[in-house]
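Read through the structure below, which is laid out as structure tokens, and then see the notes.
Residue numbers (the numbering used here): 1 to 290.
Here it is, written out as structure tokens:
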């Protein structure tokens, strides 16, 4: 594990998947990030690349050839190289190789930067097109936060506070795949309860900021993702007990699962990103601990 710390936070990350594995608040003497208990979900903050969500039949067509790829892509299950590290940052890199080319026939560099600031962590993604042609990709974050934050509270005593400059749309799911898109205008607050997640994740467009708050208005965590096209909000739902797992994922995305009527052509996916030869894509979001 690679450790960064200051007077407020300790963060740890792993070369496997370039995944954040700990955000510890010295103020609260608590772990803010989910611990990866496999009883519920064995991951903590995976990097989703080069797809977000599922492909229809776990297949996609790239340049007339059929490729197989499982949910959220391969980056989360690969070893990254540490290419730089300082007192307040660590940088990981993944490049195309024999294994990736069997699933995704593009040459690329994927760089993940974690920077520790006062009470926040900046997560930066850099995708470089090292191919001789245009490449296409999706990328996303999937950080999970302990909820309830205090054991004496319960999940339903929390709400989400949203900020957005533009009107918001909700993208509904049909199973694991996207379906209709519903305009909802401005979205301010969402009261949490288990049934909110009975149809899997909530997906919204044009959200710039999401805060997890308890019902007295106190903020715990804010995820700032200005100008990101999408955010997913998810926790496992257990219908037999009408309950959720003890964490909540706030997921900034540049990409989306296949639609229910997908033609399987990769470059036709909704919210896919196109990157010309030699060009670089950069995006970042912040996790702020209050």
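C-beta: ideal position from N, C-alpha, C; glycine also. Here the structure is a predicted model, which means the values were calculated and not measured.
(message) Beta-carbon within less than 8 angstroms of residue 176's beta-carbon, same chain only, minus the 5 sequence neighbours each way: which residues are those?
(response) 53, 54, 71, 200, 257
(message) Assuming contact is defined by CB atoms lying nearer than 7 angstroms, are residue 223 and residue 250 in contact in what I supplied?
(response) yes
(request) Determine the extent of the alpha helix (DSSP H) in which residue 101 is found, giving its start and end residues. (result) 98-101
(message) Am I right that residue 221 and residue 286 are in contact with their C-beta atoms under 8 angstroms? What's the rounded C-beta distance?
(response) With 8 angstroms as the limit, residue 221 and residue 286 do not qualify as a contact, their Cβ atoms being about 11 angstroms apart.
(request) Let me know if residue 86 comes out buried or exposed under the rule of 16 or more other beta-carbons within 10 Å of its beta-carbon. (result) exposed
(request) Provide the residue span of the beta strand (DSSP E) that contains residue 34, from first to last. (result) It is not in any beta strand (DSSP E) - residue 34 carries neither H nor E in the DSSP assignment.
(request) Specify, as a first and last residue, the run of the beta strand (DSSP E) that residue 254 falls within. (result) 247-254
(request) Could you tell me whether the segment 97-115 touches the segment 229-248, where touching means 3 or more Cβ pairs closer than 8 angstroms? (result) no
(message) Applying the 10 Å Cβ sphere with the 16-neighbour rule, what's the burial state of residue 63?
(response) exposed
(request) Alpha carbon to alpha carbon, how far is residue 139 from residue 35? Give it in angstroms, no decimals. (result) 23 angstroms
(request) Check each candidate in 10, 266, 238 and name the one with the smallest Cα separation from residue 115. (result) 10
(request) Identify the continuous beta strand (DSSP E) that holds residue 183 and give its terminal residues. (result) 177-185
(message) Across the segment 273-283 and the segment 123-135, are there enough close Cβ pairs to call them in contact, namely three or more that are closer than 8 angstroms?
(response) yes
(message) Check for me: the beta strand (DSSP E) holding residue 235 runs from which residue to which?
(response) Where residue 235 is concerned, there is no enclosing beta strand (DSSP E), given that its DSSP letter is neither H nor E.
(request) List the endpoints of the continuous beta strand (DSSP E) containing residue 284. (result) 280-289
(request) Could you name the residues of the same chain whose beta carbon sits closer than 8 angstroms to that of residue 3, not counting the 5 residues immediately before and after it, in chain order? (result) 10, 11, 12
(request) On the DSSP bridge assignment, give the partners of residue 84 in chain order. (result) 91
(message) Please report the distance separating the alpha-carbon of residue 17 from that of residue 92.
(response) 9 angstroms
(request) Could you check if residue 47 is buried or exposed, using at least 16 other CB atoms within 10 Å of its CB as the buried criterion? (result) buried
(message) Nearest by alpha-carbon distance to residue 20: which of 174, 43, 193 is it?
(response) 43
(request) Could you check the C-alpha separation between residue 156 and residue 101 for me, to the nearest Å? (result) 44 angstroms
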